[in-house]
Amino acid sequence: MVLEKTIFILIIFSITLLIATYLTYFERKVAAFLQDRLGPDRAGPFGILQPLADAGKMFFKEDFIPAESVKLLFILGPGIAMFTACMTGAVIPWGDQLQLFGRTIDLQIADVDIGILYVVGFVSIGVYGIMIGGWSSNNKYSLFGAIRAGSQMISYELAMGLSLIAIVMLTGSLSVREIVEQQAGVWNVFYQPLGFLIFFICALAECNRAPFDLPECETELIGGYHTEYSSMKLGFFLFAEYINMFISAAVIATVYFGGYHFPFMHSLGLSENVVSILGILVLFLKIFLFIFIFMWIRWTLPRFRYDQLMHLGWKILIPLAILNMVGTGGFILLSTKM
Amino acid sequence: MASLTNRSKVVVNKKMTFWERLYLPAIFGGMAITLKHFFRKSNTVRYPEVKRPFSPVYRGLHVLKRDDKGAERCTACGLCAVACPAEAITMTAAERKKDEKHLYREEKYAAVYEINMLRCIFCGLCEEACPKEAIFLTDRLVPTELEREDFIYGKDKLVELLDQRIDVSKRQVKTYGEDLKI
């Protein structure tokens with residue numbers, strides 16, 4: 009049992025890392041195509057080895073620690089960012105059950121009762137990596153980036169949580185598996201279109217992706233919180249961003265788009281295992297679709313101004329999310345009365 | 005007043021409607037535009053494999069021409085060095101020996117002729133100043149080097165080889181009459 013889980017964790021972990029690695033390539037290609045360019049095409053066929061070259065470059069760069077920095081925290085920052093990014097995937101059900109060697113295997117690392125809270129919790133701990141890294145660099149730009157990351161996280165976490173509460177009210181459970189199981193018929197996005205929109209915008213903000221990339225914004229802050237970082241420490245920060253993007257897409261797919269469910273999955277007359285494997289593939293398809301939308305948005309929209317960011321977060325998204333929550337409550341009340 | 009270009013737009017600071025203030029339609033419009041570009045052919049030229057043609061007036065790496073008998077045209081008059089705004093050209097003159105008639109056209113020639121390609125701004129004033137049609141800028145590129153010294157091009161790199169003449173006919177806009185016998 010323990011061995012089974014260990015193997016599964018290792019598989020999920022390596023898949024996450026592999027996908028995050030190739031997201032860097034994917035991002036550059038998407039950016040290039042959206043701008044009528046070719047993108048990296050020198051390393052291997054179609055530039056498929058580019059991530060390896062990038063990683064190799066990162067390893068061989070000089071690892072510089074500023075003299076006036078707080079050394080321990082400076083090293084800890086990227087570590088925290090990476091750790092929390094990797095941890096979030098633990099509660100996501102990657103598929104239904106598999107029957108292998110006469111055993112039933114849950115395709116989920118841990119079916120925690122409070123799965124959704126766990127996700128939100130770890131995502132908000134993720135900002136500690138940025139905060140600590142930015143503050144300990146002892147650089148004004150890094151500090152600005154860190155402060156921006158902190159305030160952005162606080163502002164958007166509220167709306168994110170509120171839109172998730174509406175889902176929890178519909179489902180009656182905080183367990184992610186439960187939420188997915190309930191979407192066997194109709195996906196949550198059809199009950200919660202507004203909630204989905206709010207969640208999606210907040211997910212963009214939580215990942216520090218454009219148009220919400222104020223913590224790093226190259227043009228104003230020279231890279232923001234990772235201004236002083238070099239070598240693989242910088243690599244960890246950038247890598248954590250891609251893992252976060254992958255996990256966010258996975259969360260959106262599971263919470264709003266039915267996870268591993270796909271239409272007519274039980275009426276095709278296929279065996280349980282085949283349906284499960286198809287489910288995994290469908291989930292990954294949905295995840296990649298959302299990742300593409302993330303990138304598409306990044307290469308379309310310009311960055312927000314700081315006051316616009318705060319305006320959107322506090323004056324628009326949070327009231328809308330509360331309205332959505334109240335509306336959902338009223339809907340549930342009416343439907344149970346009748 | 006009517007604008008000359010017909011492209012100016014009157015700016016109106018009118019209040020945005022609710023639909024405009026939503027921003028979402030504008031965002032989706034923008035995303036539609038970028039998606040259209042996603043399927044468009046890329047403009048990239050894969051450089052070392054594909055090379056774009058140079059324009060006939062392109063000013064690249066210099067060449068020191070020989071005349072049709074293969075003798076160097078340059079007489080080390082120094083007008084190019086004087087004309088050069090970047091002071092990239094230096095030379096040392098020498099007198100032609102009796103048995104060197106086939107090597108140098110005039111009685112005086114450049115024993116050393118150096119152009120510092122890091123100083124050169126490729127303005128083409130040297131070829132304009134040259135009274136002997138000896139120096140031309142060509143459509144070749146100056147390759148990259150690792151050392152600064154390697155960018156100082158001597159006669160070994162500048163003078164055209166006898167068996168590899170460089171065509172500069174596109175740049176010969178002016179001729180100085182028959183007496184030059186180019």
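Protein sequences, first through last, are from chains A and B. Going by our numbering, the first residue of the first sequence is number 9, and it counts up by one from there. Going by our numbering, the first residue of the second sequence is number 5, and it counts up by one from there. Virtual Cβ for every residue (Gly too), placed ideally from N, Cα, C.
Compare the C-beta of R45 (chain A) against all C-beta atoms of chain B and say whether one is closer than 8 Å.
-> Any Cβ of chain B closer than 8 Å to the Cβ of R45 (chain A) would place that residue at the interface, and such an atom is present.
Hey, is D42 (chain B)'s beta-carbon within less than 8 Å of any beta-carbon in chain A?
-> The residue asked about is misnamed: residue 42 (chain B) is Phe in this sequence, not Asp. Under the 8 Å criterion on CB atoms, F42 (chain B) is classed as interfacial with respect to chain A.
Extent of the continuous alpha helix (DSSP H) to which R152 (chain B) belongs | It is not in any alpha helix (DSSP H) - R152 (chain B) carries neither H nor E in the DSSP assignment.
Where do the ends of the beta strand (DSSP E) carrying I93 (chain B) lie?
-> 93 to 99 is the extent of the beta strand (DSSP E) around I93 (chain B).
Which two residues bound the contiguous beta strand (DSSP E) that contains Q107 (chain A)?
-> 106 to 108 is the span of the beta strand (DSSP E), which, as asked, contains Q107 (chain A).
How many Å lie between Y233 (chain A) and A258 (chain A) at the Cα?
-> Here the alpha carbon of Y233 (chain A) sits roughly 26 Å from the alpha carbon of A258 (chain A).
I think F254 (chain A) touches A39 (chain A), with their Cβ atoms under 8 Å apart; what is that distance to the nearest whole Å?
-> That belief does not hold up - the Cβ atoms of F254 (chain A) and A39 (chain A) are roughly 17 Å apart, past 8 Å.
If you draw a straight line from the alpha carbon of V14 (chain B) to that of P147 (chain B), how long is it in whole angstroms?
-> 50 Å
7 Å CB neighbourhood of A85 (chain B) in its chain, flanking five on each side removed | I93, T94, M95
Roughly how many whole angstroms lie between the Cα atoms of D121 (chain A) and I305 (chain A)?
-> When rounded, the distance between both Cα atoms is 34 Å.
Counting Cβ pairs closer than 8 Å, one from the stretch 211 to 223 of chain A and one from the stretch 156 to 175 of chain A, do we hit at least three?
-> yes
Per-residue DSSP class, three states only, for R140 (chain B) = Looking at the sequence itself, residue 140 (chain B) is Phe, so the reference to Arg does not match. F140 (chain B) falls in the strand class under three-state DSSP.
Mind reading off the beta-carbon distance from Q116 (chain A) to R36 (chain A)? Whole number of angstroms is fine, and I expect it under 8 Å.
-> Not a contact, Cβ separation roughly 32 Å.
Report the rounded CA-to-CA distance for A118 (chain A) versus G97 (chain A), giving the unit in angstroms.
-> 10 Å
Ignore the nearest five residues each way along the sequence and tell me which others in R169 (chain B)'s own chain have a CB closer than 8 Å to its CB.
-> R70
May I ask you to report which of helix, strand or coil DSSP gives K19 (chain B)?
-> coil
Is the CB of W307 (chain A) under 8 Å away from at least one CB in chain B?
-> yes
Flag M35 (chain B) as yes if its beta-carbon sits less than 8 Å from any beta-carbon of chain A, otherwise no.
-> With 8 Å as the cut-off, M35 (chain B) counts as an interface residue toward chain A.
Endpoints, the beta strand (DSSP E) within which Y117 (chain B) is located = 112 to 120
Should L42 (chain A) be flagged as near chain B, meaning a C-beta pair shorter than 8 Å?
-> yes
Cβ of W195 (chain A) less than 8 Å from any chain B Cβ?
-> No, its Cβ sits nowhere closer than 8 Å to a Cβ of chain B.
Any Cβ of chain B within less than 8 Å of the Cβ of W322 (chain A)?
-> no
Leaving out five residues on either side along the sequence, give the residues of the same chain with a beta carbon under 7 Å from the beta carbon of T79 (chain B).
-> E110, K112, Y113, K136
Endpoints, alpha helix (DSSP H) assigned at T14 (chain A) | 10 to 42
In chain A, which residues lie with their C-beta within 7 Å of the C-beta of T38 (chain B)?
-> L42, W304, W307, T308
Thinking C-alpha only, which one of A:P53, A:A329, A:F67 is nearest Q200 (chain A)?
-> A:A329
Looking at the unbroken beta strand (DSSP E) that takes in R111 (chain A), where does it start and where does it end?
-> 111 to 113
Shortest alpha-carbon distance to S77 (chain A) belongs to which of A:P219, A:F302, A:P310, A:S144?
-> A:S144
Looking only at C-alpha atoms, which of A:M9, A:P327, A:G129, A:K69 sits nearest to V114 (chain A)?
-> As written in the sequence, residue 114 (chain A) is Asp, which differs from the Val given in the question. For D114 (chain A), the nearest C-alpha among the options comes from A:M9.
Just mark E182 (chain B) as buried or exposed, buried being the case when its beta carbon has 16 or more other beta carbons within 10 Å.
-> Interpretation of E182 (chain B) is limited by its pLDDT of 45, a score under 50 that renders its predicted location unreliable; the figure taken from the coordinates is listed afterwards. So E182 (chain B) ends up on the exposed side.
Taking the CB atoms as reference points, tell me whether V128 (chain A) and G169 (chain A) lie closer together than 8 Å.
-> yes
8 Å Cβ cutoff, T9 (chain B) in contact with chain A = no
Are S46 (chain B) and R50 (chain A) touching if we call contact CB-CB under 8 Å?
-> The answer is no: Cβ separation not under 8 Å.
Can you tell me whether DSSP reads P101 (chain A) as helix, strand or coil?
-> coil
Buried or exposed: V135 (chain A), going by 16 or more other Cβ atoms within 10 Å of its Cβ?
-> Of the residues assessed, V135 (chain A) falls on the buried side of the cut-off, its CB having 16 or more other CB atoms within 10 angstroms.
What residues from chain A crowd round T48 (chain B), counting only those whose CB sits closer than 9 Å?
-> A40, D44, R45, L46, G47, D49
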